[in-house]
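Peer 1: If you read the sequences in order, they're chains A and B. According to numbering that gives the first Met the number 0, the first sequence is numbered sequentially starting from 0. According to numbering that gives the first Met the number 0, the second sequence is numbered sequentially starting from 0. Just so it is clear, CB atoms sit at the ideal spot from N, CA and C, and this is done for glycine as well. Let me begin by handing over the structure; questions about it come next.
Number of protein chains: 2
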Amino acid sequence: MTDRFDADRTILALGALAHENRLALFRLLVQAGADGMAAGAIADALDIPNSSLSFHLAHLTRAGLIRQTRQSRSLIYSADYAAMNGLVGYLTENCCGGAACLPDMTCEPVHETSISRQRA
Amino acid sequence: MTDRFDADRTILALGALAHENRLALFRLLVQAGADGMAAGAIADALDIPNSSLSFHLAHLTRAGLIRQTRQSRSLIYSADYAAMNGLVGYLTENCCGGAACLPDMTCEPVHETSISRQRA
DNA sequence: ATGGTAGTTCGACAATACTGGAAATATCAT
DNA sequence: ATGATATTTCCAGTATTGTCGAACTACCAT
Chain A
0 MTDRFDADRT ILALGALAHE NRLALFRLLV QAGADGMAAG AIADALDIPN SSLSFHLAHL
60 TRAGLIRQTR QSRSLIYSAD YAAMNGLVGY LTENCCGGAA CLPDMTCEPV HETSISRQRA
Chain B
0 MTDRFDADRT ILALGALAHE NRLALFRLLV QAGADGMAAG AIADALDIPN SSLSFHLAHL
60 TRAGLIRQTR QSRSLIYSAD YAAMNGLVGY LTENCCGGAA CLPDMTCEPV HETSISRQRA
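Structural data, given as C-alpha cells:
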C-alpha cells in the first residue's frame, strides 16, 4: 500500500516540492482532502497564470504526488497521501542509528463534507 | 529548539535534498550520527570529485541541513537533526484535516562510539 | 454545427544549477 | 620557511528549469 520509495523517486518528489508555487499547490491539495480541487479553482486560489499552473500540475503528477480525474469539463486534482507518507518514510529511515523512531505514520485524506466546510 | 520552518526555508531544504549526490550525502551523514564525517571521507564514500562535493556540501549547509566544524586539517560535516525534524514537521502539518497525525517526531543523533562501530 | 468554457501544449527566452579541472587557501609537521 | 595534506573557490561550459502568451484540444450546451 505505502508504495516503496527508492532514491530516484524520492529525488523526483523532493524536486517537485522544492518550488514556491508547487509547495503551496501541494499543501493546498493536502488541505482540500479527498475531494481535491479543479485546476481553475487552484489557479484562482494561488493566482498563477493558466499555462504556468498546468506546468506545475504536470510536474507534481509526474512525481506521483498528486492525481488527476476528470469531472465534466473540469480536471480535478487531489493529493496522493500514500506518496507523502512514502516520502517522509524515506527521509526518516535510518535517522536514529537504525532505531525506528517514527511509528509508521500514515496520513489519510479527509472528505470535504466531513469537516463542516468552512471555506468560502 | 525545533526551529520553526516556514515555506521559504522548506523550499530551500527540499531543493537541497532533491539531488542524487546531495540526498546520498545527507543520508550518509544522518547515519554517521553526531560524530559526522570529514569531507575527504565523504568524497571517498560517494566517489564524487572534490570540487563537486564541496559545491554540494555548501548547498546543504546553506539550507541549514548540515553543519561544519573544523578538526585540525579536516572539516567535519554532520547532519542537523533539528532541521530534518522541522522539515518533516512542515510537510505533515495539516495533513489529516487539521488533526495532528504525527506524534511530534524528534529524531536524535547517535554517537559512533555508542553503536559498536561496524563501519570499515 | 456553433460557440463558449476548461485546460493543455508549444515555443522562445531568461535564469539557475551542475560539473570538474586548475588555482588558491588553511592547517600541520619538520 | 618548506612541503604535504585537506578542502575550497574560481571559471567556463553545458544542461535543466521556470515563465507566460498564443495556439490548440476536449468537453458540453443548444
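Quick one: does residue 60/A have its CB under 8 Å from some CB of chain B?
Peer 2: Position 61 of the first sequence, counting from 1, holds the residue named residue 60/A. Judged by the 8 Å Cβ criterion, residue 60/A is not in contact with chain B.
Peer 1: How about residue 12/A and residue 64/A: are their beta carbons less than 8 Å apart?
Peer 2: Position 13 of the first sequence holds residue 12/A. Position 65 of the first sequence holds residue 64/A. Yes, they are a contact pair.
Peer 1: If we count Cβ pairs, one from each stretch, closer than 8 Å, do we get three or more for the stretch 37-47 of chain A versus the stretch 72-82 of chain A?
Peer 2: Contact between the stretch 37-47 of chain A and the stretch 72-82 of chain A is present, because at least three Cβ pairs lie under 8 Å.
Peer 1: If you run the structure through DSSP and keep just helix, strand and coil, what is residue 71/B?
Peer 2: Your numbering for residue 71/B matches position 72 in the second sequence. Residue 71/B falls in the coil class under three-state DSSP.
Peer 1: Which word fits residue 84/B, buried or exposed, when buried means at least 16 other C-beta atoms lie within 10 angstroms of its C-beta?
Peer 2: In the second sequence, counting from the first residue as 1, residue 84/B sits at position 85. Flag for residue 84/B reads buried.
Peer 1: Please return the same chain residues whose Cβ sits closer than 7 Å to the Cβ of residue 28/A, not counting the five positions on each side in sequence.
Peer 2: Along the first sequence, one-based indexing puts residue 28/A at 29. 35, 36, 65, 76, 77, 78, listed in sequence order.
Peer 1: Tell me which residue opens and which closes the alpha helix (DSSP H) that residue 19/A is part of.
Peer 2: Translated into the one-based positions of the first sequence, residue 19/A becomes position 20. First-last of the alpha helix (DSSP H) with residue 19/A: 19-31.
Peer 1: What's the call for residue 25/A, buried or exposed, on a 16-neighbour Cβ count within 10 Å?
Peer 2: The residue given as residue 25/A occupies position 26 in the first sequence. Buried, since its Cβ has 16 or more Cβ neighbours within 10 Å.
Peer 1: Just list the residues that DSSP pairs residue 76/B with in beta bridges.
Peer 2: As a working mapping, residue 76/B is identified with position 77 in the second sequence. Residue 76/B is bridged to 36/B, 67/B.
Peer 1: Where residue 54/A and residue 42/A are concerned, what is the direct C-alpha to C-alpha distance, given to the nearest angstrom?
Peer 2: Here residue 54/A corresponds to residue number 55 of the first sequence, with the count starting at 1. Here residue 42/A corresponds to residue number 43 of the first sequence, with the count starting at 1. Going from the Cα of residue 54/A to the Cα of residue 42/A covers about 12 Å.
Peer 1: Would you mind reading off the limits of the alpha helix (DSSP H) that contains residue 12/A?
Peer 2: Along the first sequence, one-based indexing puts residue 12/A at 13. 6-16 is the extent of the alpha helix (DSSP H) around residue 12/A.
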